[in-house]
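Chemist: Taken in order, these protein sequences are the chains called A and B.
All residue numbers in the first sequence are consecutive under our numbering, ending with 424.
All residue numbers in the second sequence are consecutive under our numbering, ending with 271.
In this text, a Cβ means the ideal position worked out from N, Cα and C, and glycines have one as well.
Dropping the structure in here first, questions after.
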Amino acid sequence: MTDLLAGRALTDAAARRQLNRRHRAERRFKYYGLAAIFAALGVLAVLLVTIVGAGYSAFQQTHIQLDIELREDLIDPDGTRKEADIRQANYAVLVRDALIKIFPDASGRRDRRALARLVSSGADIQLLNMVLADATLIGSTQTIWFKASADFDSLSKGQIPRDVPEDARKVSDKQIAWFDHLAALGLVEKKFNTGFFTTADSREPEQAGILGAVVGSLLTLIVTLVLSFPIGVMAAVYLEEFAPKNRLTDFIEININNLAAVPSIVFGLLGLAVFLNFFGLPRSAPLVGGMVLALMTLPTIIIASRAALRAVPPSIREAALGMGASPVQTVTHHVLPLAMPGILTGTIIGMAQALGETAPLLMIGMVAFIVDVPGSFTDAATVLPVQVFLWADAPERGFVERTSAAIMVLLAFLIVMNILAVVLRRRFERRW
Amino acid sequence: MTAMPDQDVEMGRAPAPMPNKIRTQHVSVYYGDKCAIKDVSLDIESNRVTAFIGPSGCGKSTFLRCINRMNDTIDICRVDGSIVLDGTDIYDSKIDVVQLRARVGMVFQKPNPFPKSIYDNVAYGPRIHGLVSGRGETDDVVEASLNRAGLWDEVKDRLQDPGTSLSGGQQQRLCIARAIAVQPEVILMDEPCSALDPIATARIEELIDELRANYTIIIVTHSMQQAARVSQRTAFFHLGDLIEFGDTEQVFTNPIEQKTQDYITGRFG
């Protein structure tokens, strides 16, 4: 030994220095790793705090309580109690009268209109639906909570500063005085905003909800899953288990990998050109959105499925073939069940990507303003990320918090999907 | 040299000739351009254990896998010549590979039970070949196969446990039980004991000797002692050539070829 190393030993100063250097390098490497993780966690925390901080107030809605006199002479002067007659009445007048009763000083036309703006413009629809549901209410006086209009909702949440000049804010000093008076009377209250989860989009922030986008996203994802899962898995199984290895399959493999890297808007253009313009499918429909997203998700599913199939030990295939199982039996009885956890994980990752995709859907018209909750795959619809995009673009103050709230709903969806992936993987996992 | 590889080895008893089960004639196997087996002709006797020995890479496993056409699964593999099982050429285009593999079972080097229950492992073959119908019949086949593989007493109370929960030796016996559950005529064993400890190996060797009464067995092995212990006929392969084929006792005590002599005395390999 000593001859070989020219008299040097591991206890020499140089060797020790080398050892110390190595130890320091390893410690440093560990700290780099920790720093990377904390940086990632920090960014995530900032993201969540920003979104939740901006969005939590959207889950509350300011309401104003009014005593409404459901005057028969205004609602149903002929006493027919027919739906058509009831529908024709002007319920906004009832709401305004109830306000004027509290504030008799508001006498001019302009004042009255300003006063009526305290309450959401959807108040008349609310009254109409109430009367339609129970015609016996006509003639009585009811105490009803109405949504405050978006500006006064913002005011009560402190989002509109009171100390700026009157002409620089959307609510006048007089309106603020009225609102404060109502609050002093105990007629203003913040309640949980159920409407946010039960209605679709609206021009008025206080009436806008997420349900339309949620249903649109669900319908779109169903189409995506139904199309891309079977096609993706069959393609992966064929390429991995049955296809001969030759130039053609190499070429197909390269193209699938390329497809996974194609910008998603290109798929949107393809959907526009092929599905809408050539096949004439309906615009803005979850059906077409799902088809476009399926094209986008396919490469992800194929690549993940192939990796999962490749991870099944060849000894299992040999065992099955050696037992006289046909190639198809080998795949369906043994290889596919063993690969299923990996395939499902890949599929759910692909679906999560599809859930968050905006650009291709803009191309096929899913960016339209739609106030109805879609009822079928061919109805006009929007999806969650597009809804976020639309609201982020809207000028009204009330949409700021709703944008963040919609992002929270989108994130909740993603978390649910990821939990589902973990649960499915656990269920199907087998050890060998 | 005293052509005894090991003093403890109990030699295969000098066998009376049995009818031929398998005849192979001028079999050559190619992987792409590479020739793995060159013009091998040998006959496998019925109800005998035939051992293939030889150094690593000599083609003995390749040749074994020709007999149930497992090489079909390798794209670049090509087999020339004829292999005749009970009078029919197994490479005939009319032969159904699935049925052939039911007749010629296989046990692999590494125990490879399916990641299913012990019961399902054994029942799988009979089920896919339609050899059983109903729970009762399946139960009987499972019990009989496990019994024959000498595993029944160890697993009869835990048939629903995964096959992979057994020890290595038990797993290999489970694989043998799985192979014999479809009543094959021939069982191919590709180094079945190479992953096992000596006690488990001894257990499998005993089992092979018992199975000989009902099946024709071909075993590939690296261990010359094992070949000497379990087989009646031995074939020695070297670099794709069949060097010598004869009764085990003769091959080990009085080899004709110099290469065989060198190999069994440990001069190479």
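Provide the residue span of the beta strand (DSSP E) that contains residue 84 of chain B, from first to last.
Modeler: First-last of the beta strand (DSSP E) with residue 84 of chain B: 79 to 87.
Chemist: In angstroms, rounded to a whole number, what distance separates the CA positions of residue 34 of chain A and residue 28 of chain A?
Modeler: So the two alpha carbons sit approximately 10 Å from each other.
Chemist: When DSSP labels each residue in this structure, what does residue 186 of chain A get in the three-state scheme?
Modeler: Three-state result, residue 186 of chain A: coil.
Chemist: Per DSSP, which one or two residues make a beta bridge with residue 140 of chain A?
Modeler: BP columns for residue 140 of chain A point to A/111.
Chemist: For the structure I just gave you, are there three or more beta carbon pairs, one from the region 168 to 188 of chain B and one from the region 221 to 234 of chain B, closer than 8 Å?
Modeler: Contact between the region 168 to 188 of chain B and the region 221 to 234 of chain B is absent, because fewer than three Cβ pairs lie under 8 Å.
Chemist: Does the beta-carbon of residue 212 of chain A have 16 or more other beta-carbons within 10 angstroms, so that it is buried, or is it exposed?
Modeler: Buried is the call here.
Chemist: In chain B, which residues lie with their C-beta within 8 Å of the C-beta of residue 246 of chain A?
Modeler: Residues of chain B passing the Cβ test: none, with the nearest at roughly 19 Å.
Chemist: Give me the chain C residues within the contact set of residue 308 of chain A, using Cβ-Cβ distance strictly less than 7 Å, ordered along the chain.
Modeler: Of the chains in the structure shown, none is chain C; the protein chains are A and B.
Chemist: Under the three-state reduction of DSSP, which class applies to residue 420 of chain A: helix, strand or coil?
Modeler: Helix, per DSSP.
Chemist: Under 8 Å between C-beta atoms, does residue 124 of chain B make it to chain A?
Modeler: Residue 124 of chain B does not count as touching chain A.
Chemist: Kindly indicate if chain A contains any beta-carbon less than 8 Å away from that of residue 104 of chain B.
Modeler: Cβ-Cβ to chain A under 8 Å: yes for residue 104 of chain B.
Chemist: Which stretch, first to last residue, makes up the alpha helix (DSSP H) that contains residue 289 of chain A?
Modeler: It spans 278 to 302 - the alpha helix (DSSP H) in which residue 289 of chain A sits, taken as one unbroken run.
Chemist: Nearest CA to the CA of residue 192 of chain A: which residue from A/366, A/4, A/150 and A/10?
Modeler: Answer by Cα proximity: A/366.
Chemist: Going straight from the alpha carbon of residue 85 of chain A to that of residue 179 of chain A, what length do you get?
Modeler: Approximately 19 Å between the Cα atoms of the pair.
Chemist: Where does the unbroken alpha helix (DSSP H) through residue 272 of chain B begin, and where does it stop?
Modeler: The structure shown has nothing for residue 272 of chain B, since chain B only spans 3 to 271.
Chemist: Any beta-carbon of chain B closer than 8 Å to the one on residue 53 of chain A?
Modeler: No, no contact with chain B.
Chemist: Just verifying my parser: in three-state terms, what is the DSSP assignment at residue 234 of chain B?
Modeler: Three-state DSSP puts residue 234 of chain B in coil, outside helix and strand.
Chemist: Which residue or residues does DSSP assign as beta-bridge partners of residue 220 of chain B?
Modeler: Answer is B/52 and B/190, bridged to residue 220 of chain B.
Chemist: For residue 135 of chain B, count neighbouring Cβ atoms within 10 angstroms of its own Cβ and tell me buried if that reaches 16, exposed if not.
Modeler: Exposed is the call here.
Chemist: Nearest-angstrom Cα distance between residue 232 of chain A and residue 244 of chain A?
Modeler: One C-alpha to the other measures close to 12 Å.
Chemist: Given that residue 272 of chain B touches chain A, what residues does it touch there, using C-beta distances under 9 Å?
Modeler: Beyond the ends of chain B as shown, which are 3 and 271, falls residue 272 of chain B; an answer cannot be given.
Chemist: Which residue from A/134, A/19, A/137 and A/161 puts its Cα closest to that of residue 146 of chain A?
Modeler: Taking only the C-alpha atoms, the option nearest residue 146 of chain A is A/161.
Chemist: Please find out if some non-hydrogen atom of the ligand FMN comes closer than 7 Å to the beta-carbon of residue 193 of chain A.
Modeler: Absent from the structure shown: the ligand FMN. Ligands present: none.
Chemist: Check whether the region 299 to 308 of chain A and the region 247 to 267 of chain A are in contact - that is, three or more C-beta pairs closer than 8 Å.
Modeler: With a cut-off of 8 Å, the region 247 to 267 of chain A and the region 299 to 308 of chain A do not count as touching, because too few Cβ pairs lie within range.
Chemist: If we ignore side chains and look at the alpha-carbon of each, how far apart do residue 135 of chain A and residue 402 of chain A end up?
Modeler: If I take the Cα positions, the gap works out to 36 Å.
Chemist: Would you list, in sequence order, the uninterrupted alpha helix (DSSP H) runs of no fewer than 4 residues that lie entirely inside the region 135 to 198 of chain B?
Modeler: List check, alpha helix (DSSP H) in window: 137 to 150, 154 to 157 and 170 to 182.
Chemist: First and last residue of the alpha helix (DSSP H) that includes residue 108 of chain B?
Modeler: Where residue 108 of chain B is concerned, there is no enclosing alpha helix (DSSP H), although the beta strand (DSSP E) it sits in stretches over 106 to 109.
Chemist: Determine the DSSP secondary structure at residue -5 of chain A, reduced to helix, strand or coil.
Modeler: Residue -5 of chain A: coil per DSSP, three-state reduction.
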